[in-house]
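Colleague:
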Amino acid sequence: MQQVILRVPGSCGELLQGSIDDQNFLISCPINLYTEVKAHFIDSEKKIIITKNNSSTENTYKTEIAVKKLLNHYNFKQKAIKIRINSQLISGIGMASSTADISAAAAAVMLLLKNKVDFKLLKKICLDLEPTDSVFLEGIRFFDHLNGKKDYLLTAFPPEIDILIFKEKGTVDSLSFNQSKQLNLLNKDKEEKIKKSFKLIKSGFKENDYYLLGRGTTLSSLAHQKILYKKDLNKLLQIIQKNNKIYGINIAHSGTMIGVLAAKNLRTEKILNEIKEKTELEHLKRVKIISGGIERRVNNGTHAWRQIN
2 MQQVILRVPG SCGELLQGSI DDQNFLISCP INLYTEVKAH FIDSEKKIII
52 TKNNSSTENT YKTEIAVKKL LNHYNFKQKA IKIRINSQLI SGIGMASSTA
102 DISAAAAAVM LLLKNKVDFK LLKKICLDLE PTDSVFLEGI RFFDHLNGKK
152 DYLLTAFPPE IDILIFKEKG TVDSLSFNQS KQLNLLNKDK EEKIKKSFKL
202 IKSGFKENDY YLLGRGTTLS SLAHQKILYK KDLNKLLQII QKNNKIYGIN
252 IAHSGTMIGV LAAKNLRTEK ILNEIKEKTE LEHLKRVKII SGGIERRVNN
302 GTHAWRQIN
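Residue numbers (my numbering): 2 to 310.
(1) Taking one C-beta from the region 107-114 and one from the region 34-41 each time, how about it: are there three or more such pairs within less than 8 angstroms?
(2) To the nearest angstrom, how far is it from the Cα of Ile-21 to the Cα of Val-261?
(3) Quick one: residues in its chain with C-beta nearer than 6 angstroms to the C-beta of Arg-268, no 5 flanking neighbours on either side, listed in chain order?
(4) Return the chain-ordered ranges of every beta strand (DSSP E) run that is complete within the region 114-160 and spans a minimum of 3 residues.
(5) Taking 6 angstroms as the limit between beta carbons, can you name the residues of its chain near Gly-85, skipping five residues before and five after?
(6) Excluding the five sequence neighbours on either side, which residues of its own chain have a C-beta within less than 8 angstroms of the C-beta of Val-118, listed in chain order?
(7) Give every residue of the same chain whose Cβ lies closer than 8 angstroms to the Cβ of Trp-306, excluding the five residues on either side of it in the sequence, and list them in chain order.
(8) Are the region 166-183 and the region 131-147 in contact at 8 angstroms, needing three or more beta carbon pairs?
(9) Please confirm whether Gly-95 has its beta-carbon closer than 9 angstroms to some beta-carbon of chain B.
(10) When you compare each of Asp-102, Lys-47, Asn-54, His-74 to Ile-82 by their alpha carbons, which one comes out closest?
(11) Checking the sheet assignment: what are the DSSP bridge partners for Arg-297?
(12) Is Val-173 helix, strand or coil by DSSP?
(13) Rank Leu-138, Ile-103, Ser-204 by C-alpha distance to the C-alpha of Phe-120 and give the top, closest one.
(14) Roughly how many angstroms lie between the CA atoms of Ser-92 and Thr-36, to the nearest whole one?
(15) Looking at the structure shown, is Arg-85 part of a helix, part of a strand, or coil, going by DSSP?
(16) Evaluate contact between the region 156-175 and the region 209-228, counting only Cβ atoms and requiring at least three cross-stretch pairs below 8 angstroms.
(17) Apart from the five residues just before and just after Gly-14, which ones in its own chain have a Cβ nearer than 7 angstroms to its Cβ?
(18) So who's on the other strand from Ser-181, going by DSSP bridges?
(19) Taking the alpha-carbon positions, what's the Phe-26 to His-146 distance?
(20) Indicate the three-state DSSP secondary structure (helix, strand or coil) for Ser-57 in the structure shown.
(21) Classify Ala-157: buried if its beta carbon has 16 or more other beta carbons within 10 angstroms, exposed otherwise.
(22) Please state whether the Cβ-Cβ distance between Ile-247 and Ile-276 is less than 9 angstroms.
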């Protein structure tokens, strides 16, 4: 049986999100938590069968729409396709879980049908469905998450930074958030801060200076408070600012996550206890920033993964 196994990373919110000169964009923050997809042909009357760990079928409807669009594009009328989604990502908090599911499933079907991934088509399918993160694309990128008009690589080499992931209570519907009529005006109000943040982040990448990078992501986080307020953000900043092994924070701009950008040798017990005592934030996990992109399981018995270009 021909089977394709792929994975796409999730994101710890964004390093930056906003608009500059009427160009909406984000810089995703890919991390080492994944959506993994297994896809293969089956004999069935139903053309698309999708299952997902710990999920109702309602949470897979966008993925099913994406696969249908793909099958129609290729005019595929042969065997049915079964897709199994196994995700480490939490929905509704800013982990790019929907983008990871959709892109991984669609890419797996492309490989089954054509033995290659058409990234231009994949990007279009994702963007037709919803605002989209760039986690399925190589590296860390400047990406127009609404229309895909601008998309370019900022760095192919992710910073060697760990992130302590926290979340506030509740979830956010990113589709409704990005459709808000006030969002464009609110983004314009913070544009000068976004320009400064973008400059700091680019310099941080170029100079491999994680403190510059952290200043940029923190500035973007604070600038976003008037759009989607996080009540424990300032308390968190007060706790971490005295620690020289912490570079700054980042947030999910349409979610409830906050990330603390830290050195790999940061010892966390004391600071996690202080955050727990002084805020209502829930600590989820310690992760690391990685490059985005789609990886395929290598079928050689090693369980290794290989990037698809």
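Note that the Cβ used here is the ideal one computed from N, Cα and C, for glycine as well. Quick caveat: nothing in here was measured; it's all calculated off a predicted structure.
Modeller: The relevant details are as follows:
(1) As far as the Cβ criterion goes, the region 107-114 touches the region 34-41, which means the pair count is three or higher.
(2) 25 angstroms
(3) none
(4) 141-144, 152-156
(5) Residue 85 is actually Arg in this sequence, not Gly. The residues are Lys-39, Thr-52.
(6) Ala-108, Met-111, Leu-112, Ile-295, Ile-309
(7) Arg-8, Glu-296, Arg-297, Arg-298, Val-299
(8) Between the region 166-183 and the region 131-147, the count of C-beta pairs closer than 8 angstroms reaches three or more; the two stretches touch.
(9) Reference to chain B is not applicable here, since this structure consists of a single protein chain.
(10) If we check each option's Cα against that of Ile-82, Lys-47 comes out closest.
(11) Leu-7, Arg-307
(12) Coil, per DSSP.
(13) Leu-138
(14) 12 angstroms
(15) strand
(16) yes
(17) Cys-30, Gly-95, Asn-251, Ile-252, Ala-253, His-254, Gly-256, Met-258, Gly-260
(18) DSSP, once it has assigned bridges, lists no residue as partnering Ser-181.
(19) 6 angstroms
(20) Any answer about Ser-57 is weak, because its pLDDT of 46 lies below 50 and its placement is not dependable; what the coordinates show is given next. Coil.
(21) exposed
(22) Contact flag unset, no.
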